[in-house]
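Quick mapping for you: the protein sequence lines, in order, are chains A and B. So in this note's numbering, the last one in the first sequence is 232, and the numbering has no gaps at all. So in this note's numbering, the last one in the second sequence is 108, and the numbering has no gaps at all.
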Amino acid sequence: MINLKYFFKGILVVKGIDSPAFALGASLIALGALFKDLGFSIHQSFFSTFFTYALPGQVVMAESIIVGASLLNIFIAVWLVNVRLYPMTVSLMPLLMHEKQPRWKYYLFSHFIAVSSWTIMKSNYEKIEKENRIDFWLGIGVATWSIAIISTLIGYSISEHLNKEMMIGLAIVNPVYFTCIMIGAMKTFQITSSIILGAILGPAFYFISPEWCILYGGLIAGTLGYFVGEKK
Amino acid sequence: MTSSIFLVILITSLATYVSRFFGVVSSERIEETSKVFRWFNCLAYSTLAALIARMIVFPVGELNETTYLIRFIVILLAILIYYFTKKNVVYPTVFSAMILFFLNSYFV
Numbered sequence: 001m002i003n004l005k006y007f008f009k010g011i012l013v014v015k016g017i018d019s020p021a022f023a024l025g026a027s028l029i030a031l032g033a034l035f036k037d038l039g040f041s042i043h044q045s046f047f048s049t050f051f052t053y054a055l056p057g058q059v060v061m062a063e064s065i066i067v068g069a070s071l072l073n074i075f076i077a078v079w080l081v082n083v084r085l086y087p088m089t090v091s092l093m094p095l096l097m098h099e100k101q102p103r104w105k106y107y108l109f110s111h112f113i114a115v116s117s118w119t120i121m122k123s124n125y126e127k128i129e130k131e132n133r134i135d136f137w138l139g140i141g142v143a144t145w146s147i148a149i150i151s152t153l154i155g156y157s158i159s160e161h162l163n164k165e166m167m168i169g170l171a172i173v174n175p176v177y178f179t180c181i182m183i184g185a186m187k188t189f190q191i192t193s194s195i196i197l198g199a200i201l202g203p204a205f206y207f208i209s210p211e212w213c214i215l216y217g218g219l220i221a222g223t224l225g226y227f228v229g230e231k232k
Numbered sequence: 001m002t003s004s005i006f007l008v009i010l011i012t013s014l015a016t017y018v019s020r021f022f023g024v025v026s027s028e029r030i031e032e033t034s035k036v037f038r039w040f041n042c043l044a045y046s047t048l049a050a051l052i053a054r055m056i057v058f059p060v061g062e063l064n065e066t067t068y069l070i071r072f073i074v075i076l077l078a079i080l081i082y083y084f085t086k087k088n089v090v091y092p093t094v095f096s097a098m099i100l101f102f103l104n105s106y107f108v
């Protein structure tokens, strides 16, 4: 059902000198510590990363609990901050789909789509024949997801040893990591324009709507970037 | 409170998974060589860039306690380190955490 050779190949891609493990780990250690401060139990912290596995959404959830937002508001706020996962999935899955593979694999394994795993897959998929890509993807997904879960638990356990300045230091890791990934992705004119426009329009739309700015900014920036790139 | 935290976790996971789920639904009809695929690729990067920029300019949580100038300096230094280390992502992330820790401890 799952070709283990490709699964392990996927797991092994995650280690190495350029591994996202550190950035992913550090960001989720901070999240685990935040959960402890919020009064979560260790099981709740575990389940959050296990089932959500999308850091910005989990941070929004934590903030919503602090301000006592309603469940509907939490749903909308999390959906809006994690809406990037929709275009990320659409720009990854067609590269993995093969008629010999069962459909459920794509629906289940899409859970592992996050910036780190997505970036690793995007830069490695060409080395793998299309038929085996979904099993290779599962390896990458399980490896990054496990790092995230373990780091959440570590953060939860060591939270009393982390002072305010250390927490702030850990909080910058995720934006810095994302920034580097974006710069690394600027290989074509089309993608570069999409990224630069997105970085400008995202915060610009914040003045119109703090919640909807990522969706509006991203949609307009990506569409403009696409047309500019196609024209060139 | 305990049960309501579980409910919040469930709602958060659902709100996150819908994007992944509908992403797969849409993928079933999209060819990797099509224009639509290229458009979505642009949207993926632009939405990510919008999210990152918002995280840096209008942060939530701990980062909110740092100034714009400090965050800007740290990001700029991280980008420089990224280029100097031949696009390695480990060094800029490690150093940015240390630089921010230092700047925030001694200059604020």
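Yeah, the Cβ is synthetic: ideal placement off N, Cα and C, and Gly gets one too. Keep in mind the model is a prediction, meaning the values are calculated, not measured.
In this structure, the beta-carbon distance from residue 194 of chain A to residue 46 of chain B falls below 8 angstroms.
Within a 10 Å sphere around the beta-carbon of residue 87 of chain B sit fewer than 16 other beta-carbons, which makes this residue exposed. Closest by C-alpha distance to residue 38 of chain A, out of A:22, A:57, A:21, A:67, is A:67.
In this chain, the alpha helix (DSSP H) harbouring residue 105 of chain B covers 90-106. In the three-state reduction of the DSSP assignment, residue 128 of chain A falls in the coil class. With fewer than three CB-CB distances shorter than 8 angstroms, the region 166-186 of chain A does not count as touching the region 18-25 of chain B.
Listed in chain order, the non-local C-beta contacts of residue 44 of chain A below 8 angstroms within the same chain comprise 35, local neighbours out to five positions each way being set aside.
Apart from the 5 residues on each side of it in sequence, residue 70 of chain B sits with its Cβ closer than 6 angstroms to the Cβ of 103 in its chain, given in chain order. Per the coordinates, the alpha-carbon of residue 40 of chain B lies some 9 angstroms from the alpha-carbon of residue 223 of chain A. Neighbourhood of residue 63 of chain B in chain A, by CB distance below 9 angstroms: 168, 171, 172, 175, in chain order. Counting only runs of at least 4 residues, the region 5-90 of chain B fully encloses the following alpha helix (DSSP H) elements, listed from N- to C-terminal order: 35-57, 68-84. For residue 81 of chain B, the CB contacts under 6 angstroms within the same chain, skipping 5 residues up- and downstream, are 91, 92, 95 in chain order. Listed in chain order, the alpha helix (DSSP H) elements of length 4 or more contained wholly in the region 25-70 of chain A are 42-51, 55-67. Among the CB atoms of chain B, one or more fall inside 8 angstroms of the CB of residue 82 of chain A. Chain order gives no chain A residues near residue 68 of chain B, where near means a beta carbon separation below 7 angstroms; the closest approach is about 11 angstroms. The beta carbon of residue 5 of chain B falls within 8 angstroms of a beta carbon belonging to chain A, placing the residue at that interface. Secondary structure of residue 212 of chain A (DSSP, three-state): coil. Counting other Cβ atoms within 10 Å of its Cβ, residue 103 of chain A stays below 16 and is therefore classed as exposed. Contacts with chain B (Cβ-Cβ distance below 8 angstroms) from the region 38-63 of chain A involve 39, 40, 41, 44, 47, 48, 51, 52, 53, 54, 56, 57, 58, 59, 60, 61, 62, 63, listed in chain order.
The CB of residue 37 of chain B comes closer than 8 angstroms to the CB of 90, 91, 94 in chain A, given here in chain order.
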